[in-house]
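Asker:
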Amino acid sequence: MEERLSKVLAPYKGKHNALIPILQEVQAELGYLSDEAMMEIAKTIGLPESQVYGVATFYAQFYFSRRGKNQTKVCTGTACHVKGAARVLDAFERELGIACGTTSEDYEHSLETVACVGSCALAPVVVVNEEVYGQFKSSKISKIIENLKE
Amino acid sequence: MQKINSPSEMVEMRDLCQAAFARQKVRFLVCAGTGCIAGGSMEVYAELKRLIGERGINVDVELLFEGQESDAGAAKSGCHGFCQMGPLVRVEPKGTFYTKVKASDVPDIITATLDEDTVVERLLFKNPDGNKALAEHDVSFYSRQTRIVLAGCGTIEPEDIRNYFAVDGYQALADIFQNHSPEQVIDIVTKSGLRGRGGGGFPAGRKWKAGLDAKATPKYVVCNGDEGDPGAFMDRSVLEGNPQAVLEGMTIAAYSIGARYGVIYVRAEYPLAVVRLLKAIEQAKEYGVLGENIMGTGFDFDIEVFQGAGAFVCGESTALTLSIEGKRGMPRVAPRPRTTEVGLYDKPTLLNNVKTFAYIPDIIRRGADWFKAIGTESSSGTAVFALTGHIANSGLIEVPMGIKLREIIFDIGGGIPKGGKFKAVQTGGPSGGCLPESLLDTPIDYDSLDEAGSIMGSGGMVIMNEKTCMVDVAKYFLQFTEEESCGQCVPCRLGTKQLLEILKDICKGRGKPEDMDLLVELSHSVHGGSVCGLGQTAANPVLTTLRYFKSEYEAHINDKCCPAGVCKDLISFRIDEDKCKGCTLCARACPVSAISGEKKEVHTIDQTLCIQCGICLDKCPKKFSAVECVSPKIIVTPKEKMEVS
Ligand SMILES: Cc1cc2nc3c(=O)[nH]c(=O)nc-3n(C[C@H](O)[C@H](O)[C@H](O)COP(=O)(O)O)c2cc1C
Ligand code: FES
């Protein structure tokens, strides 16, 4: 991990303006921002760790613990909300057996909500890994989960 | 490739691109907007390319530029706006418009177009009156629209700048280099009456003038593509569908105020917009219409893309610039200098919304009077809305300002689907309000919507039918603002939380009659005690629902009843003994096994187990309609409970 981290951080030595792109790149590389990664980032750009955490925790995009192999995001933007997003979310919680905002013990699945992915005309919308599913029906869930196993 | 070395060469470039594209007799434009991609449009595109290629037809655009003719080609376009009917395919030059196209439909489309000169009837859109639409302008969804910002979305290929050149792209920039001083450009923008499309409606010309007057350097131009309203995708579609128009608009702004650098702030959830923008910037630089020594004039302007990290408040201008600097996006506390004087890196910064910039090239080319003539006296031009929710035709629309809400919802949107009844229209997202049927004749402009208690916003328009609970909607928005409040103003941080708690109580059946007054009082405190628009407008959803849908609050509080059947703690599902035919569908679908009953016998729901998920209601065949949702809740007495167990 250290090697991957230092490769990402190399071009950013001392550049604290670039903190957000750095956090994004590190997360893209490692999947989440571990304590060690946060320490390294602080050291590289020359900011106190508290400040790096202060910025990172302000933004919803950053995660501080390991996440599942498959990531499901249920859109709960306004358009999806009025089209029954809450029920879709309930159904995912039931089928995956995990609460929204958590990861399964075997690290297979993470479940979270997102406030609009910009496909509102297709509400309700669910994003599984990078794939967008529009006009979502809860009856599709078991098949989607099944397909992810392959 | 030919680099533009002087503004006068732009005309030549346009003619060259037009001539090249004209050598292609037929062009299949497949929508590559996010909605259509989700529906499988890229498979349609691949199939088109493959089948045309199989016929030995040249599909290479480069060969067109070398002078070769071609019988047909395929291209990817940006979002047409009619996402719900996607994947969409448009066949040029006739403009034949196909909806819900699958890869398996492609052979028929090709045969009809290239061999028979006919159309594939089954893929045409059927208007509500039963008539089939041949082209976009025959579709009722489009025929009432006036497309300026969206004109290029769906008709040009966003990933090839030559498409933009062919439709007069960068002519406006070339024109101002040759004919207008910065003051004159600002004068045109001012006279056009263009107001900022990010929600506030601040006159663009006045902001640009302040940018020009600011003394410090370097100056920045920032494009706000944060699109925070959860339930809207106008800016996304413009960035993905016609990125060059935004770049040209920003460059004209930079020339007007004397800026050297530009930044486009794109929302975290829009990866495709980032890809298209980066490509667009690269191509614009290659052709010399962006970067150093633009069109050989000695004017330098560079644009970078910054990806947001998921914070609604970062859409606010001062928070946005702080976020670019790598800090927490907390709006600066008043009294503060304007962003045009002290903005990004404490330098003068001109910040406008995506659409505001995208209007600029057209305004310069066609003139201030042309733009001013569209719309109303105080709000000129068009408005772009993402029309969503319970509406027959959902998608992206562009209409002249002053049009009535009713026209948008019923003429363009086609009304409420499935025999539903209109209940409310929400504009302005979390800062806006919900308007009832009685206000549907309100014209769309900044001032009228303000007066009605809502706001124009940046373009979200969500239609709600009678099955939407307005207390739940207010709770929904407060949940959003409570979570997104940056926390520096106590009235916003704690006030939104208290508002939310009260609304949650009401939805749970624990509301008290005095809660309604308390909500109003708290709303005013939150409004008065917050520095930025987030807090100042956070209570709008509460105030408008209280104002227009008071009886629903009363039903929740006094009768513990949710008339729309949404609030789980106030509803029960039951099976009508006279209607149930014992088909067992509901019992098999119930996730908590709360339904019992033998085949062909009446089923019953155990209220102590039921989690109100509503699946039984969905599953019960329409012809039986035996499951019903009732409110207030069916109270199970301990005795009945014993019997059940
Ligand atoms: C909480 C909050 C969120 C905002 N979100 C956005 C946004 O997503 N997009 C946007 O263009 N403007 C947003 N604004 C408005 C901006 O502060 C600013 O007024 C606007 O971008 C200026 O551009 P315009 O003059 O072209 O409208 C937001 C304002 C507030 C207070
Ligand atoms: S509200 Fe769900 S995609 Fe926009």
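In order, the protein sequences belong to chains A and B. Its first residue numbered 1, the first sequence is counted upward by one per residue in my numbering. Its first residue numbered 1, the second sequence is counted upward by one per residue in my numbering. For each residue, glycine too, the CB sits at the ideal point set by N, CA and C. Being a predicted model, the structure only gives us computed values, none of them experimental.
#1: Report yes if the C-beta distance between Ile141 (chain A) and Glu95 (chain A) is below 8 Å; otherwise report no.
#2: Please confirm whether Thr78 (chain A) has its beta-carbon closer than 8 Å to some beta-carbon of chain B.
#3: So is the beta-carbon of Ser448 (chain B) under 7 Å away from any non-hydrogen atom of ligand 2?
#4: Residues in its own chain within less than 6 Å of Lys132 (chain B) by CB, not counting five upstream and five downstream?
#5: For the segment 136–178 of chain B, list the alpha helix (DSSP H) runs that are entirely contained and at least 4 residues long, ordered along the chain.
#6: If we cut at 8 Å on Cβ distances, does Cys120 (chain A) have a partner in chain B?
#7: Looking at ligand 2, does it come within less than 7 Å of Val120 (chain B), judged from the CB to the closest heavy atom?
#8: With respect to the alpha helix (DSSP H) encompassing Ser448 (chain B), which residues constitute its N-terminal and C-terminal limits?
#9: Could you confirm whether any beta carbon from chain A is found closer than 8 Å to the beta carbon of Tyr170 (chain B)?
#10: Grab the span of the alpha helix (DSSP H) containing Val59 (chain B) for me, first residue to last.
#11: Please classify Tyr32 (chain A) as buried or exposed, where buried requires at least 16 neighbouring CB atoms within 10 angstroms.
#12: Would the C-beta of Ala123 (chain A) count as close to ligand 2, meaning under 7 Å from any of its heavy atoms?
#13: Report yes if the C-beta of Ser50 (chain A) is less than 7 Å from at least one heavy atom of ligand 1; otherwise report no.
#14: Beta carbons nearer than 7 Å to chain A: which residues of the segment 580–592 of chain B have them?
#15: Do Val91 (chain B) and Thr118 (chain B) have their beta-carbon atoms positioned less than 8 Å apart in this structure?
#16: Mind checking whether Lys102 (chain B) and Gly201 (chain B) have CB atoms under 8 Å apart?
#17: Assign Tyr98 (chain B) to buried or exposed, taking buried as 16 or more other Cβ atoms, counted over all protein chains shown, within 10 Å of its Cβ.
#18: If you measure between the beta carbons of Thr102 (chain A) and Thr76 (chain A), is that distance less than 8 Å?
#19: Report whether the distance from the Cβ of Ala86 (chain A) to the nearest heavy atom of ligand 2 is below 7 Å.
#20: Between the C-alpha atoms of Cys223 (chain B) and Leu351 (chain B), what's the straight-line distance to the nearest angstrom?
#21: Return helix, strand or coil for Glu95 (chain A), following the three-state DSSP convention.
#22: Going straight from the alpha carbon of Ile294 (chain B) to that of Gly432 (chain B), what length do you get?
#23: Got a sec: is the Cβ-Cβ distance from Met401 (chain B) to anything in chain A below 8 Å?
#24: Could you tell me which chain A residues have their CB closer than 8 Å to the CB of Met470 (chain B), listed as they occur along the chain?
#25: Just confirm the distance between the C-beta atoms of Arg267 (chain B) and Gly308 (chain B), as a whole number of angstroms; I'd bet it's less than 8 Å.
#26: Taking 8 Å as the threshold (beta carbon to beta carbon), is Ser50 (chain A) in contact with chain B?
#27: Kindly list, in the order they appear in chain A, the residues whose Cβ is closer than 9 Å to that of Met464 (chain B).
#28: For Leu19 (chain A), which residues in chain B fall below 9 Å Cβ to Cβ?
#29: Does the Cβ of Ile635 (chain B) have 16 or more other Cβ atoms within 10 Å, making it buried, or fewer, making it exposed?
#30: Would you mind telling me which residues of chain A sit closer than 7 Å to Arg236 (chain B), beta carbon to beta carbon, in chain order?
#31: Quick one: measure Cβ to Cβ for Val238 (chain B) and Cys153 (chain B), integer angstroms, because I've assumed they're closer than 8 Å.
#32: If you draw a straight line from the alpha carbon of Tyr133 (chain A) to that of Ala38 (chain B), how long is it in whole angstroms?
#33: The segment 258–286 of chain B: which residues have C-beta closer than 7 Å to a C-beta of chain A, in chain order?
#34: Under 8 Å, do Gln2 (chain B) and Leu64 (chain B) count as touching if we go by C-beta distance?
#35: By alpha-carbon positions, which one of B:Thr297, B:Gly298, B:Asn353, B:Lys418 ends up nearest to Glu316 (chain B)?
#36: Confirm the yes/no value for this check: CB of Thr481 (chain B), any heavy atom of ligand 2, distance under 7 Å.
Answerer: The answer reads as follows:
#1: For Ile141 (chain A) and Glu95 (chain A), yes; Cβs fall inside 8 Å.
#2: Yes, its Cβ sits closer than 8 Å to a Cβ of chain B.
#3: Not one heavy atom of ligand 2 sits closer than 7 Å to the Cβ of Ser448 (chain B).
#4: Sequence-distant Cβ neighbours of Lys132 (chain B) in its own chain, meaning closer than 6 Å and more than five residues away, are Leu124, Lys126.
#5: Whole alpha helix (DSSP H) segments, 4+ residues: 140–143, 161–166.
#6: Chain B, which has a Cβ nearer than 8 Å to the Cβ of Cys120 (chain A), makes this yes.
#7: No, the beta carbon of Val120 (chain B) sits no closer than 7 Å to any heavy atom of ligand 2.
#8: For Ser448 (chain B), the enclosing alpha helix (DSSP H) covers residues 446–451.
#9: Against chain A, the CB of Tyr170 (chain B) has no partner CB under 8 Å away; the residue lies outside that interface.
#10: It is not in any alpha helix (DSSP H) - Val59 (chain B) carries neither H nor E in the DSSP assignment.
#11: Exposed is the call here.
#12: True, at least one ligand heavy atom lies under 7 Å from that Cβ.
#13: Not so, every heavy atom of ligand 1 lies at least 7 Å from the Cβ.
#14: From the segment 580–592 of chain B, only Pro591 have a Cβ closer than 7 Å to chain A.
#15: No.
#16: No, Cβ-Cβ distance for Lys102 (chain B) and Gly201 (chain B) is not below 8 Å.
#17: Taking every protein chain shown into account, the CB of Tyr98 (chain B) has 16 or more other CB atoms within 10 angstroms, so this residue is buried.
#18: Their beta carbons are not under 8 Å apart, which means Thr102 (chain A) does not touch Thr76 (chain A) by this criterion.
#19: At a cut-off of 7 Å, the beta-carbon of Ala86 (chain A) does not count as near ligand 2: no heavy atom of the ligand is closer than that.
#20: Put simply, the backbone Cα of Cys223 (chain B) is about 6 Å away from that of Leu351 (chain B).
#21: Under the three-state reduction of DSSP, Glu95 (chain A) is assigned to helix.
#22: Distance between the alpha carbons of Ile294 (chain B) and Gly432 (chain B): 41 Å.
#23: Interface with chain A (8 Å Cβ-Cβ cutoff): Met401 (chain B) is excluded.
#24: Using a Cβ-Cβ cut-off of 8 Å, Met470 (chain B) is close to nothing in chain A; its nearest Cβ partner there is about 11 Å away.
#25: At roughly 5 Å, the Cβ-Cβ gap stays under 8 Å, so Arg267 (chain B) and Gly308 (chain B) are in contact.
#26: So, not an interface residue.
#27: Simply Val82.
#28: The answer, in chain order, is Glu325, Gly326, Lys327.
#29: In summary, Ile635 (chain B) is exposed, with fewer than 16 beta-carbon neighbours lying within 10 Å of its beta-carbon over all protein chains present.
#30: Result: Gly118.
#31: Rounded to whole angstroms, the Cβ separation of Val238 (chain B) and Cys153 (chain B) is 7 Å, and the two are in contact under 8 Å.
#32: If I take the Cα positions, the gap works out to 6 Å.
#33: Answer in chain order: Ala268, Glu269, Tyr270.
#34: Their beta carbons are not under 8 Å apart, which means Gln2 (chain B) does not touch Leu64 (chain B) by this criterion.
#35: Ranking B:Thr297, B:Gly298, B:Asn353, B:Lys418 by Cα distance to Glu316 (chain B) puts B:Asn353 first.
#36: No, ligand 2 has no heavy atom inside 7 Å of this Cβ.
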